[in-house]
Every structure is written in structure tokens, then in C-alpha cells.
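Line order of the protein sequences matches chains A and W. Position one of the first sequence corresponds to residue 11 (the working numbering), numbered consecutively onward. Position one of the second sequence corresponds to residue 7 (the working numbering), numbered consecutively onward. Where is the CB? At the ideal position from N, CA and C, for every residue including glycine. Predicted model only: the values in this text are computed from it and were never measured. Report on the structure given below.
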Amino acid sequence: SGDSAPLNEAMAVLQHHDAVSGTSQQHVADDYARQLAAGWGPCEVLLSNALARLSGSKVEFTFCRNLNISLCPLSQTAESFQVTIYNPLGRKVDWMVRLPVSKHIFLVKDPSGTVVPNNVVTMPSSNGQELLFSASVPALGFSIYSVTQVPGRSPRAPVPQPRFQKPS
Amino acid sequence: SRDLTIQNEYIWARFDPDTGLLVEMKNLEQDLLLPIRQTFYWYNASTGNNLSTQVSGAYIFRPNQQEPLLISHWAQTRLVKTDLVQEVHQNFSAWCSQVVRLYPGQRHLELEWTVGPIPVGDGWGKEVISRFDTALETKGLFFTDSNGREILERRRNYRPTWKLNQTEPVAGNYYPVNSRIYITDQNVQLTVLTDRSQGGSSLRDGSIELMVHRRLLRDDARGVGEPLLESESGLWVRGRHLVLLDKAQTAAVRHRLEAEKELLAPQVVLARGGGTPYHLE
Numbered sequence: 011s012g013d014s015a016p017l018n019e020a021m022a023v024l025q026h027h028d029a030v031s032g033t034s035q036q037h038v039a040d041d042y043a044r045q046l047a048a049g050w051g052p053c054e055v056l057l058s059n060a061l062a063r064l065s066g067s068k069v070e071f072t073f074c075r076n077l078n079i080s081l082c083p084l085s086q087t088a089e090s091f092q093v094t095i096y097n098p099l100g101r102k103v104d105w106m107v108r109l110p111v112s113k114h115i116f117l118v119k120d121p122s123g124t125v126v127p128n129n130v131v132t133m134p135s136s137n138g139q140e141l142l143f144s145a146s147v148p149a150l151g152f153s154i155y156s157v158t159q160v161p162g163r164s165p166r167a168p169v170p171q172p173r174f175q176k177p178s
Numbered sequence: 007s008r009d010l011t012i013q014n015e016y017i018w019a020r021f022d023p024d025t026g027l028l029v030e031m032k033n034l035e036q037d038l039l040l041p042i043r044q045t046f047y048w049y050n051a052s053t054g055n056n057l058s059t060q061v062s063g064a065y066i067f068r069p070n071q072q073e074p075l076l077i078s079h080w081a082q083t084r085l086v087k088t089d090l091v092q093e094v095h096q097n098f099s100a101w102c103s104q105v106v107r108l109y110p111g112q113r114h115l116e117l118e119w120t121v122g123p124i125p126v127g128d129g130w131g132k133e134v135i136s137r138f139d140t141a142l143e144t145k146g147l148f149f150t151d152s153n154g155r156e157i158l159e160r161r162r163n164y165r166p167t168w169k170l171n172q173t174e175p176v177a178g179n180y181y182p183v184n185s186r187i188y189i190t191d192q193n194v195q196l197t198v199l200t201d202r203s204q205g206g207s208s209l210r211d212g213s214i215e216l217m218v219h220r221r222l223l224r225d226d227a228r229g230v231g232e233p234l235l236e237s238e239s240g241l242w243v244r245g246r247h248l249v250l251l252d253k254a255q256t257a258a259v260r261h262r263l264e265a266e267k268e269l270l271a272p273q274v275v276l277a278r279g280g281g282t283p284y285h286l287e
């Protein structure tokens, strides 16, 4: 069973001005991070249970905490996976989903099974690939998109040309 | 071609082909063109001087000179253009890079900056800023928010509630920015949305700066008892600034809606396909 209390507790502790403004010693700052990370775990279980209940399907949900540095073992290895996007706003939003993937072509379908356009972009800094597709998510709701590798074909992803400026 | 531009239906941005820096932004919908130069600088952290022994530390921001130093005069750039995104990747140095991005339907320029680990081998603490310079005549005024709920007018070297004797021309004009900072000449407004709280200011007319990362070498004698100096190789930080260019009259609705979307951004959860039905029926 999930539990949001540890994360609530961590957030309460982190109301201290040291946590808000970084005026603590390093080991205290590390402990703040430890408390937050420890709180995420049981919260992710809680969110998974809620999503399973609401989507009517028991699946093993995976939270990729390092998407901002293009790390997500599941999307980088799985041949097919589902992407659930939850929108906490009280209005519908369109959101560009970016997920690190392996060098393949993908088929992306929206909740109604309609194929949506997607791109695989090579990241110049790391030469990794990212899958992009635009998701439409209802107010205070979620949408589930399915992603499937197209067997056999690799992307002819536009390799960005380096533009070397002559140093001024 | 030497033309380095990205655009979507609403925004057009041009970069200097020689330096790789952003030099112009246009709101195509409102036909607003703004020459704007954005790049990264660092303040050299004070270790105390003849005016005061106060050093820059966890509690205190005190640069040792008014002018920040450029991280680089130019950036190595790479251009990525697909039907779902147009990006310019800028590499300023080994510890400072940025991706300037436009998606279809987006009415702001997304600047995803990556800064760190800040090198301090030269013995200097560094306080890194992203600075936007324009020709807007802003008459010493700029605006910062308070917890995203209230916008406060700020005037350079001035306090509304007492007669300020300004002793710190930089730090004395820095204010907390929780979600946005903007400047206006009453016709055009330039707004920068942040994805976290940062220190910010406008130290000259037409200019906006936001502090993105710091790494210092001295304790500032305010009780922490150690400098703001991450252990080992040091932290590198990645964040986003969303840049909006609007007519002053219509800017509020734009930045309010965008800031709310930034604060309550969608969350992504993955799952392998399949799964057993939750309910037997």
C-alpha cells in the first residue's frame, strides 16, 4: 500500500529557511535530499494504486525521476510501453512529451488508438535519442498513450550539423 | 546557410551566426520585434575588501566587483529542426550550455540551461547568472513576483519604506524571484518565467538577470560555519527559463497562464504494456 505521509513530513521539515534557501551545512542539505527521496517511494506506490484503480488495469508503473537528464531505463529499453500523463491543472493542456529512447522508429497512439505524429531527435550533447510527441491531457485528469517500436527500422534522425563559429 | 533562426507559428528567434548568441526575438502574432542579447556571466565572490570584511557565502551575496565576467564571448551551436521541435544547442564552456527550444503552438521561447560543476580551481568563488539585455527604456523599474501571487514593483537603488543609502550596487538590487521577473517600457513587456526560486534583478535599463548557480569558498560568518561549496566535483544544475515577449497590455494573461502550467506541470508515469484488469468484470 502507498503512503504520502513520509513525503508530507519531509515537505514540512523542508519549510525551514535553511532548506528553502540553502543556508545549511552540506550534510544537512544532503539529509534534506535523503528525506525527500525517501518520501517519494511510498508516494509513487500510492499514485500507482490510484492510476491502476482509475485506469481499470493493474500494471507495474515506473517513475523516471531523471527525465530532466534524459535517463529512463524503461523507455530506453522496452519495445513497447505506455505513457500516462497526469495533468493537475483545472484546464486541458497540450504537452510535448520527451522520452529518451534507443535508436528506433516508433509508433505512438493516443487513448483512442489514433496514431499521433512523433519525432526521434538526436541530442547533440550526448548523441542519445529522444522521442517527442504532443499529448493532450484533460483537466485534472490523465491520458494514456502507447508507444511501440517499429521492428527492423532505425531512424534517419536528422543528425544536427555542428556550426563552429570562428572565435570572435 | 549562415542564417541561424528557429520559429513556430507565434515566435521567431535569431542567433548571431558568428557568436551563436541569441540576438533577436519576434512575436509574430503581435508583430513585435525585440533585439535581445542573452548569455551567461559570473560574479567573482567577494572575500572582503577595504569597505567591508563581509564575504559572499550561503546567506550573503556580495560580488567583489560590479561587473560580472562573461563565461564566453561565443557559443558553439548546433541546430536541430524537425516538425515537432526546433532547437539551437549552445555550448558556452565545459560547465555551461543551453538549449533554446520552440515547439509548435508554443508562445514562449524555452531556454533550458545546464550549469556546473562550477570550477573553483582558480581560487575564486563564482555566482553564475543568465542575463538578458535589450534597449527597452525601463526607467529603473522592474517587477518580481511574491510566491507567484503578487507582483511587486522594484526601483533600482530605492526602497519604498525608508531612505536607502545604497552600499551594495549589485546585491542591494537583487530580489527573490519565485516564478517571474519582467521589465516593460509601457508598450512592450519582456517576461522571464522560472521553474524554481532564484535571485534576480535589473541592474541597468532594459536588462534582466537571474542567478542560476553559486559555488563559494568562504564562510560568510552568519552561522553556517562552512562555505557554500558542494563536496567532490560539485553539482551541476539544469533548469528552464521561459521567455515571453508581449504588448504590455496583454502580457499579464500570457504569463499568468504559462506560469500556472509551469508550476503545475503534467507528470509522466510509464508502464510496460498489458496488465490485468482491475475489476473481474
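For A/Ile-115, the nearest beta carbon of chain W is not closer than 8 Å to its own beta carbon.
Contacts with chain A at 8 Å (Cβ-Cβ) include W/Thr-88. Among the residues of chain A, those whose CB is under 7 Å from the CB of W/Lys-267 are Leu-99 and Val-103, following chain order. When DSSP states are grouped into helix, strand and coil, W/Gly-245 belongs to the strand group.
Remark: fewer than three beta-carbon pairs, one from each stretch, lie closer than 8 Å, so the segment 216-234 of chain W and the segment 151-160 of chain W are not flagged as touching. The segment 169-184 of chain W and the segment 193-210 of chain W touch, with three or more beta-carbon pairs separated by less than 8 Å. A/Met-106 sits in a strand when the DSSP states are folded into three classes. Taking all protein chains shown into account, A/Asn-18 has fewer than 16 neighbouring C-beta atoms within 10 Å of its C-beta and is therefore exposed. By the Cβ-count criterion, W/Lys-169 is exposed, with fewer than 16 other Cβ atoms from all chains shown falling within 10 Å of its own Cβ. Rounded to the nearest angstrom, the Cβ distance from W/Arg-244 to A/Asn-76 is 10 Å, too far for a contact under 8 Å.
Each residue's CA atom was taken as its position, placing W/Glu-264 and W/Glu-116 some 12 Å apart. Only buried fits W/Thr-120, as 16 or more other CB atoms lie within 10 angstroms of its CB.
In this structure, W/Asn-193 lies away from W/Trp-130, with their beta-carbon atoms at least 8 Å apart. With contacts defined by Cβ atoms closer than 8 Å, A/Asn-129 and W/Thr-88 form a contacting pair.
The count of Cβ pairs closer than 8 Å, one atom from the segment 144-161 of chain A and one from the segment 82-96 of chain A, reaches three, so the stretches are in contact. Distance between W/Gln-60 and W/Ala-227, taken at the CA atoms: about 8 Å.
A check of alpha carbon separations from W/Gln-82 across W/Asp-22, W/His-261 and W/Ala-64 identifies W/Asp-22 as the nearest. Pairing W/Val-275 with W/Thr-144, the inter-Cα distance amounts to about 44 Å.
According to the DSSP assignment, A/Arg-63 belongs to the alpha helix (DSSP H) that extends over 36-65. Nearest neighbour of W/Pro-182 by Cα position, chosen from W/Ile-189, W/Leu-27 and W/Leu-158, turns out to be W/Leu-158. One thing to note: W/Gln-72 has its Cβ no nearer than 8 Å to the Cβ of W/Ser-136.
Each residue's CA atom was taken as its position, placing A/Val-157 and A/Ser-90 some 5 Å apart.
The secondary-structure analysis by DSSP pairs A/Val-147 across a beta bridge with A/Val-103. With a contact defined as Cβ atoms closer than 8 Å, W/Gly-111 and A/Asp-104 qualify at about 6 Å. The contact set of A/Gly-12 on chain W, defined by CB atoms closer than 9 Å, is empty, because the minimum CB distance reaches about 13 Å. Under the DSSP definition of a beta bridge, A/Val-126 partners with A/Val-118. A straight line joining the alpha-carbon of A/Thr-87 with that of W/His-114 spans about 33 Å.
Between the alpha carbons of A/Val-131 and A/Phe-116 lies a distance of about 12 Å. For W/Ile-124, no pairing in a beta bridge is given by DSSP.
Between W/Phe-138 and W/Phe-98, the gap from beta carbon to beta carbon reaches 8 Å or more. Judged by DSSP secondary structure, A/Pro-16 falls within the alpha helix (DSSP H) whose first and last residues are 15-23.
With a contact defined as Cβ atoms closer than 8 Å, W/Leu-251 and W/Asn-14 miss out at about 13 Å.
Chain W places no beta carbon closer than 8 Å to that of A/Leu-17, leaving this residue out of the contacts. Taking each of A/Ser-112, A/Gly-51 and A/Met-133 in turn and checking the Cα distance to A/Pro-161, the smallest one comes out for A/Ser-112. Distance from the Cα of W/Glu-118 is smallest, within the candidate group W/Asp-225, W/Tyr-284, W/Ala-271 and W/Cys-102, for W/Cys-102. For A/Cys-74, at least one C-beta of chain W is nearer than 8 Å to its own C-beta.
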